[in-house]
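Counting in the working numbering, the sequence shown tops out at residue 252, every number present.
Read the structure below first, then the notes.
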Amino acid sequence: MLASSADARASAVEDLIESGDALLAAEDRFPQSFEQALSLYQQAAALLPQTALPYVRMANVCLALGDGATEKDSSLAWYKLGQQSAEKAVRYQETSADAHFLLAANRGNVVNLLPFWKVSPAVLADLETHLLRSLALEPGHAGANHMMGMLLYRTPGPLRMLLVGKREEVEKYLLRSVESDPDMGRARFDLMQYYVQAGHPAQARVQAQALLLLSHPSPRRIWAEEYRPAAEQLLKNLPNS
Numbered sequence: 012m013l014a015s016s017a018d019a020r021a022s023a024v025e026d027l028i029e030s031g032d033a034l035l036a037a038e039d040r041f042p043q044s045f046e047q048a049l050s051l052y053q054q055a056a057a058l059l060p061q062t063a064l065p066y067v068r069m070a071n072v073c074l075a076l077g078d079g080a081t082e083k084d085s086s087l088a089w090y091k092l093g094q095q096s097a098e099k100a101v102r103y104q105e106t107s108a109d110a111h112f113l114l115a116a117n118r119g120n121v122v123n124l125l126p127f128w129k130v131s132p133a134v135l136a137d138l139e140t141h142l143l144r145s146l147a148l149e150p151g152h153a154g155a156n157h158m159m160g161m162l163l164y165r166t167p168g169p170l171r172m173l174l175v176g177k178r179e180e181v182e183k184y185l186l187r188s189v190e191s192d193p194d195m196g197r198a199r200f201d202l203m204q205y206y207v208q209a210g211h212p213a214q215a216r217v218q219a220q221a222l223l224l225l226s227h228p229s230p231r232r233i234w235a236e237e238y239r240p241a242a243e244q245l246l247k248n249l250p251n252s
């Protein structure tokens, strides 16, 4: 009887997660479809509270909802919930590359939205620790490679001593990200911007053209509203040679 009950809960969790995943494909109904998916993942977590997967899904949805929110307070609330969910995912499955990445991603966004006097510089090392753990578990993790590259790129000089990585590795991580997931619009956009600022217009042009040609950009709504127009404008402004 106990085994049958456990099997029934596991089956219900699988169905809830599958239904939630299907809702994420409905980007035209964002954010409502994502909020509905989050509710299903929360139900799954309640059925099996010590299972990592529902919390990984929750952290992923919260990250997307935070990115898509139009008000700072709403973004912060989503990222905080995402951070809490990812912390539980790491607790229940420390070997999940996604869990470590989502913890770093949500926590990093929380930090970015807080006043600087509320943030300890030590958080940079914490973010890097989770990103490096994610990459140790899955070297080709597109999200972790992208965030690692941007962390090294954006961290001000005096604070870089807190990090293991070097600024010279930025391009390496960003390239690994787009190689692992060619349709990841944000990674291509940031790599394009990196090349512009580094004074490499030819490489920037390649990434801009690749952005325009993405057949299944992720996320499509941000690609259409932000990345594609920026790539089009950049190609108009860059020299031909």
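Glycine residues also receive a C-beta, built at the ideal position from the N, C-alpha and C atoms.
Note that this is a predicted model, so its numbers are computed, not measured.
Between Gly-176 and Met-159 a beta carbon distance of about 7 Å is seen, short of the 8 Å cut, so the two are scored as contacting.
Around the Cβ of Met-172, a 10 Å sphere holds fewer than 16 other Cβ atoms; the residue is exposed. Runs of the alpha helix (DSSP H) spanning 4 or more residues and lying entirely within the stretch 113 to 167 occur at 133 to 148 and 153 to 165, in chain order.
For the stretch 16 to 70, the continuous alpha helix (DSSP H) assignments of 4+ residues that do not extend past its boundaries occur at 43 to 58, in sequence order. Here His-141 really is in contact with Leu-114; their C-beta atoms are around 5 Å apart, less than 8 Å.
Residue burial is scored here from C-beta neighbours: Glu-149 has at least 16 other C-beta atoms within 10 angstroms and is therefore classed as buried. With contacts defined by Cβ atoms closer than 8 Å, Asn-156 and Leu-143 do not form a contacting pair. The Cβ atoms of Trp-89 and Ala-100 do not sit closer than 8 Å to each other.
Here the alpha carbons of Ala-198 and Leu-74 stand approximately 16 Å from one another. Beta-bridge partners of Met-195 (DSSP): Ser-229. Under the criterion of beta carbons closer than 8 Å, Asp-194 and Leu-170 do not qualify as touching, at roughly 32 Å. Under a 10 Å Cβ-count criterion, Asp-109 is classified as buried, with 16 or more other Cβ atoms of the shown protein chains found around its own Cβ. Non-local beta-carbon contacts of Leu-59 in its own chain, meaning distances under 8 Å to residues more than five positions away in sequence, involve Arg-20, Ala-21, Val-24 and Pro-65 in chain order. The three-state reading of DSSP puts Pro-212 in helix, counting H, G and I together. Distances from the CA of Ala-215 to each of Asp-32, Val-207 and Leu-222 were compared; the closest alpha carbon is that of Val-207.
Taking 8 Å as the cut-off, the Cβ atoms of Gln-94 and Arg-68 do not count as close. In this structure, Leu-185 places its C-beta atom within 8 Å of the C-beta atom of Leu-202. By alpha-carbon distance to Ala-221, the top candidate from Val-72, Glu-190 and Glu-182 is Glu-190.
Around the beta carbon of Glu-139, 16 or more other beta carbons sit within 10 angstroms, so the residue counts as buried. When rounded, the separation of the alpha-carbon atoms in Glu-179 and Leu-34 is 40 Å. By the CB criterion at 8 Å, Ala-17 and Gly-31 fall outside the cutoff.
Here Gly-196 is buried, its C-beta having at least 16 other C-beta atoms within 10 Å.
Under the criterion of beta carbons closer than 8 Å, Ala-55 and Leu-27 qualify as touching, at roughly 4 Å.
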